[in-house]
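Okay, so here's the structure we're looking at.
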Amino acid sequence: MKKAKVFSMFAFLFISVGTSQAQKVNYEWKQGEEGGYSYKYVSNDPTHSRFYTLKNGLTVILSPSKKEPRIQTYIATKAGSKTDPKDHTGLAHYLEHLLFKGTDRFGSLDWAKEKPLLDKIDGLYEDYNSTKDEAKRKAIYKEIDEVSGEAAKYAIANEYDKLMSNMGAEGTNAFTSFEQTVYIEDIPNNVVDKYLAVQAERFRSPVFRLFHTELEAVYEEKNIGLDTDNRKAIEAMFEGLFPTNNYGQQTVLGTVEHLKNPSLKAIRAYFDAYYVPNNMGVIMSGDFDPTAMIKKVDAAFAYMQRKDVPPYNFAPEKPITSPIIKEVKGPNSEFLFLGFRFPGAATKDAQMLNLLGSILTNGSAGLIDLDLVKSQKLLGAGAFPYILKDYSMLILQGNPSQGQSLDQVKELLLAELAKLRKGDFSEGLITSIVNNERKSQIARNDSYQSRAEELMGAFTSELDWANELRNTDWLATVTKKDIVDFANKYLNDQNYVAIYKRQGVDENVVKVVKPEITPVTVNREAQSEFLTKVNAMPEEEIKPVWLDYSKDIQKSSSHGVDVLAVENKDNELFSLVYRFPLGSWNNRLLGLAAGYLEFLGTKEKSSEQFSKDFYKLASDFSVSAGNEETTVSIAGLNRNFEASVALIQDLLRNCVVDQSAFDAYIGRLKKSRVNAKENKDAIMNGLKAYAKYGAKNPFNYTFTDAELDQLKAGDLVQALHDLSKTKHTVLYFGPKKVAQLTASLPALKVGAGAFVTIPQGTSFKELATTENQVLFSNYNMKQADIFWFRNSDTYNAALTPTVSLFNSYFGGGMGSIVFQTIRESKALAYSTYAFYGAPYKKENHYTVGAYVGTQSDKFMDAIKGMNELIDVLPESSKSFETAKISLMKSIASERITNTAILNSYLAAERLGNQTDIRKSVYEKIPALTFADVNAFHKKEFSKKPYIYCIVADESGLKADDLKSLGQFKKLTLAEIFGY
């Protein structure tokens, strides 16, 4: 499920700070023709997109961008959970999973032998569906398992992933939402013919093989959803807002009952009904010639036949005339949702809703930002437009501070809506929103990936692209009165749905119970004739491009500090970072001070005014204190560079104590610390730190509540003032050349004195992993999260090629040994991976890590399955060669640009590397053999002691099982968090 962006598309037009006047740009649909194909385009479109409709109705949207030799692709179908059959909810999502399983031409060793078995499985599932007697159902499922095992002998698991990996594809994935199912690939631009051959075949006649193991992965995904409070609250919100529309009547993952009774025939009927060319789109953005590309796409998909798509008809929702109140329970901290219903995506009201959302929340100067977050009346709050085809929503979220009730949260949120209806905001806020959207759109257009995503969203929501481009012009015409009238039309104190997310045990949750599944064959060494033919298709070589740090980074100095700069030659965006070589290990106050700065002003200017001024300039600022370094960052438009720098320097140097803000800050901090103890991901991070460093570690190196009570606001402000006087490095990316930058950049430190001496830091020693241990934390959840941890040796650059290849082969991606075994063969997890992780600095140690998220009733099976892989590395020559090819092609087509150049240099510097390490990887991988990787696995993984970090509900596990893994220690939350 994806949340709508605040604005879907904005034009590149100049809007002066402080005025609502704008230069008018015309965005009109035009007709073009080239290479025998007609297309539509929008005049002055900065994405240069072409919109084709092929003879069979297939939409093709092409947006060329030459910055990197890669292409972001989406193949989208305008169908999702909203169009699931009422008796088979979750079906569109099932189908998404199954469209990775191949056809009669790939994914099969012997289709003639496989097909009768798959037909038999189809029939058995229909029998299973219609049988109510549990004993008979169990017998049928046993037969399904047996026949599936036989069918799997003729299947080639994950051959789709092998096809794409051999091309150097990245980001292979898909998602299902209410009215879209989208298939995602990011490919090098020299494999277009291969890509289209595979995608055309993929949708020609899909075969739903390996179904019962994939179904188990869907069960795992459902159980993860049942453990996710936010997801349950969103589903409750949709149910309340949409008692008629399927938005509220059907969830993406479906009901537990329907998941337990799948129908392959119903899934196939859904595919036949909705996966037709006039209901699908191919969206591509990247380095290609659109005239040549459309010919290729047409040739690949011309076989598809147009077919009428079943209409989705729904009765209009009745107005909400009194609050609808719902409760959701779960282990995470409490929060409140308020939801209001609005018209759908293609309406002008949806555009106005996006603007209204930014009036309320924009991260800096919205009503909620200033009144509830900046003033610290709530722990967290925001307003988020959620735009869908039939209807849209405005969802407000509030997180209570210490001692607040959810009813009090609700009243605070409703009060902000009352201010909106009264017009209690400045007219200039609209202009500031436009300026910020202009900056955001420049950034989005700079990325071929973001372009493709926006075009895909417009296609599936059936938005007019010209209207999307006109949004900025339209925004400049919106008045305060327009917004007030709109707010009064749609928002009042009665027409909302409220979701109270309370802490507690959800007695209504029924997990999907583990069926008996016999591990199936994955045939790693097999490959189809289709794969062989695709791999043999010609492709032009892409030459890799390495960074040359001596040329790609301009080095200078200014006012006694080093300056590292990369010139932005593409647009007017800049970023400036002050990087200080000290962090919370040097001064525990720094982390608190960084957070406190958000609520501070100077003697001349309030904190609220600073936020408004930054937002007016379309500039962002942030302060981040890590363990060993601290950064102060600003980013914005080059024309506002000097003003933005002056603002951040003024705030950092001249901030003053605000005692009431400090008191509220400490109160909110205490509440957020309580909330962290209720978050299973935070708990797992604490266990990992305990495993790496021991009982005293960076994760729990913090203040106790008693110590927090003794802190003084002046100490935090002094830490910030000292920061401005500390020697640092300036990191700059922007249009200025380094000479221009150093000439115009004022010193952060004022006065003639020396820089502040950096205090000696606390150090934490990474501990050798010498014996098997279990670090356990009890948590109310249906799943069990298991992480294997071991500290290894210190950094060695010479290992990088072997490590890169090993990770690709063993534990990363759908084609990896771990994924194929744990998920595809044994159906033990939805998410699983393993890796050999590089350290942050050359003095640090590599980390051996592995993860399985599984149902508690499969806990020991999952551990056994992963331990077998950790001890013995399975050999597959085909998978190994695929891993090598994929890595080589990804590196060859990768272009490190913009601020990533600076980040690459700093990472190399920390590790003691003088050159771009990718060059060594690229040059040495061809000579590496499986014997090299196997020797590495034996040295670093096999028969080694591990620390098992486990977050699970102890009532669902056996104590003897836990103790059998190693020395058992159940940690308290105080031991994990340090407070």
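To convert, take the position in the sequence shown, counting from 1, and add 1202; that gives the numbering used here.
All C-beta atoms in this analysis are idealised placements derived from N, C-alpha and C, irrespective of residue type, glycine included.
D1489 and P1746 look like a contact to me (Cβ under 8 Å); what is the Cβ gap, rounded to whole Å? Walking along the sequence shown from the start, residue 1489 turns up at place 287. Walking along the sequence shown from the start, residue 1746 turns up at place 544. That pair is no contact at about 15 Å.
Looking at the unbroken beta strand (DSSP E) that takes in T1833, where does it start and where does it end? As a position in the sequence shown, residue 1833 is number 631, starting the count at 1. Taken as a continuous stretch (DSSP letters only), the beta strand (DSSP E) holding T1833 covers 1832-1839.
Does the separation of the CB atoms of L1933 and V1779 fall below 7 Å? Position 731 of the sequence shown, counting from 1, holds the residue named residue 1933. Position 577 of the sequence shown, counting from 1, holds the residue named residue 1779. A contact, by the Cβ cut-off of 7 Å.
Does the Cβ of I1527 have 16 or more other Cβ atoms within 10 Å, making it buried, or fewer, making it exposed? On the sequence shown, residue 1527 is found 325 positions in, with the first residue counted as 1. By the neighbour-count rule (16 or more Cβ atoms within 10 Å), I1527 is not buried but exposed.
Rounding to the nearest angstrom, what Cα-Cα distance links G2168 and L1455 in this structure? The residue given as residue 2168 occupies position 966 in the sequence shown. The residue given as residue 1455 occupies position 253 in the sequence shown. Using only the alpha carbons, I get a separation of about 37 Å.
Output yes or no for whether 7 Å exceeds the beta carbon distance between N1788 and G1963. Within the sequence shown, numbered from 1, the residue matching residue 1788 stands at position 586. Within the sequence shown, numbered from 1, the residue matching residue 1963 stands at position 761. Closer than 7 Å, so yes.
Measure the alpha-carbon distance for E1664 versus K1591 and round it to whole angstroms. The residue labelled residue 1664 in the question sits at position 462 within the sequence shown. The residue labelled residue 1591 in the question sits at position 389 within the sequence shown. About 8 Å.
Have a look at K1232 and A1501 and give me their C-alpha separation to the nearest angstrom. In the sequence shown, counting from the first residue as 1, residue 1232 sits at position 30. In the sequence shown, counting from the first residue as 1, residue 1501 sits at position 299. Rounded to whole angstroms, K1232 to A1501 spans 25 Å at the Cα level.
In three-state DSSP terms, what is D1626? The count along the sequence shown starts at 1 and reaches residue 1626 at position 424. D1626 falls in the coil class under three-state DSSP.
Under 7 Å Cβ to Cβ from M2016, same chain only, skipping five residues before and after it: list those, please. Counted from its first residue, the sequence shown places residue 2016 at position 814. Closer than 7 Å at the Cβ level, and outside the excluded window around M2016, lie N1360, D1363, T1374.
Given P2041, which residues of its chain have a CB within under 8 Å of its CB, disregarding the five upstream and five downstream residues? Here residue 2041 corresponds to residue number 839 of the sequence shown, with the count starting at 1. Within the same chain, T1996, Y1997, H2047, Y2048, T2049, L2113 come within 8 Å of P2041 by CB-CB distance, once the 5 residues on both sides are set aside.
Inter-residue spacing [alpha-carbon to alpha-carbon] between I2093 and Q1756: Counting from one through the sequence shown, the residue named residue 2093 turns up at place 891. Counting from one through the sequence shown, the residue named residue 1756 turns up at place 554. Each residue's Cα considered, the two are about 24 Å apart.
Same chain, Cβ closer than 8 Å to T1333, five either side skipped, listed in chain order: Residue 1333 sits at position 131 when you count from the first residue of the sequence shown. Excluding sequence neighbours, T1333 sits near R1339, I1342.
Could you spell out where the alpha helix (DSSP H) holding N2105 opens and where it closes? The count along the sequence shown starts at 1 and reaches residue 2105 at position 903. Element bounds for N2105: 2101-2113.
Given this structure, state the Cα-to-Cα distance separating A2036 from M2068, to the nearest angstrom. On the sequence shown, position 834 is the one that residue 2036 refers to. On the sequence shown, position 866 is the one that residue 2068 refers to. Cα to Cα, A2036 sits roughly 9 Å from M2068.
Go through its chain and collect everything with a Cβ distance to T1446's Cβ below 7 Å, but skip five positions before and after it. Along the sequence shown, one-based indexing puts residue 1446 at 244. Excluding sequence neighbours, T1446 sits near F1516, A1517, E1519.
Going by CA-CA distance only, name the one from D1815, R1992, I1960, Q1274 that's closest to E1656. Here residue 1656 is taken as the residue at index 454 of the sequence shown, counted from 1. For E1656, the nearest C-alpha among the options comes from Q1274.
So which of T1453, N1601, F1253 has the shortest CA-CA distance to K1284? One-based indexing of the sequence shown puts residue 1284 at position 82. Residue T1453 is the option with its Cα nearest to K1284.
Could you tell me the alpha carbon to alpha carbon distance between T1971 and G1630, rounded to whole angstroms? Numbered from 1 along the sequence shown, position 769 holds the residue referred to as residue 1971. Numbered from 1 along the sequence shown, position 428 holds the residue referred to as residue 1630. Between the alpha carbons of T1971 and G1630 lies a distance of about 59 Å.
Beta-carbon gap between D2163 and M2062 smaller than 7 Å: Counting from 1 along the sequence shown, the entry for residue 2163 is found at position 961. Counting from 1 along the sequence shown, the entry for residue 2062 is found at position 860. Contact: yes.
N1690 burial status per 10 Å Cβ neighbour count (16 or more: buried): Residue 1690 sits at position 488 when you count from the first residue of the sequence shown. Exposed: under 16 other Cβ atoms inside 10 Å.
What does the Cβ neighbour count give for D1626, buried or exposed, with the cut at 16 atoms within 10 Å? If you number the sequence shown from 1, residue 1626 lands on position 424. So D1626 ends up on the exposed side.
Where does the unbroken beta strand (DSSP E) through Q2169 begin, and where does it stop? Within the sequence shown, residue 2169 is the residue found at index 967, counting from 1. Segment 2169-2172, the beta strand (DSSP E) holding Q2169.
Do L1854 and S1946 have their beta-carbon atoms positioned less than 7 Å apart in this structure? Sequence index remark: in the sequence shown, residue 1946 carries index 744 (1-based). Sequence index remark: in the sequence shown, residue 1854 carries index 652 (1-based). Cβ distance not < 7 Å, so S1946 and L1854 don't count as in contact.
Continuous alpha helix (DSSP H) assignments of at least 4 residues falling wholly in the region 1447-1535: 1448-1451, 1458-1461, 1466-1476, 1492-1503
Local Cβ density within 10 Å of S1862, reported as buried at 16 or more and exposed below that: On the sequence shown, residue 1862 is found 660 positions in, with the first residue counted as 1. Exposed.
For L2175, which of helix, strand or coil comes out of DSSP? As a position in the sequence shown, residue 2175 is number 973, starting the count at 1. Helix, per DSSP.
Looking at C-beta atoms only, is the number of pairs between the region 1383-1395 and the region 2109-2123 that lie closer than 8 Å three or more? no
Suppose you measure from the CA of T1944 to the CA of T1959; what does that come to, to the nearest Å? On the sequence shown, position 742 is the one that residue 1944 refers to. On the sequence shown, position 757 is the one that residue 1959 refers to. Using only the alpha carbons, I get a separation of about 24 Å.
Would you kindly work out how many angstroms separate the C-alpha atoms of E1336 and A1294, rounded to a whole number? Residue mapping note: residue 1336 aligns to position 134 of the sequence shown, counting from 1. Residue mapping note: residue 1294 aligns to position 92 of the sequence shown, counting from 1. Taking the straight line joining both Cα atoms gives about 27 Å.
From this set, D1684, I1988, L2071, N1980, which residue's C-alpha is nearest Q2022's C-alpha? Taking the sequence shown and counting its residues from 1, the one referred to as residue 2022 is at position 820. When only C-alpha atoms are compared, the closest one is L2071.
Give the list of continuous beta strand (DSSP E) stretches no shorter than 3 residues that lie fully inside the region 1586-1660. 1593-1601
8 Å contact criterion, which T1662 and A1376 should meet: CB distance rounded: On the sequence shown, residue 1662 is found 460 positions in, with the first residue counted as 1. On the sequence shown, residue 1376 is found 174 positions in, with the first residue counted as 1. With a Cβ gap of about 13 Å, T1662 and A1376 do not count as contacting.
Just grab the DSSP bridge partners of R1992 for me. Here residue 1992 corresponds to residue number 790 of the sequence shown, with the count starting at 1. The partner list for R1992 (beta bridge, DSSP) reads V2050.
Okay, do the region 1426-1437 and the region 1288-1307 touch, 3+ Cβ pairs below 8 Å being the bar? no
Going by beta-carbon coordinates alone, are V2182 and K1882 separated by less than 7 Å? Past the boundaries of the shown model lies residue 2182; the chain is included only from 1203 to 2181, so the question cannot be answered.
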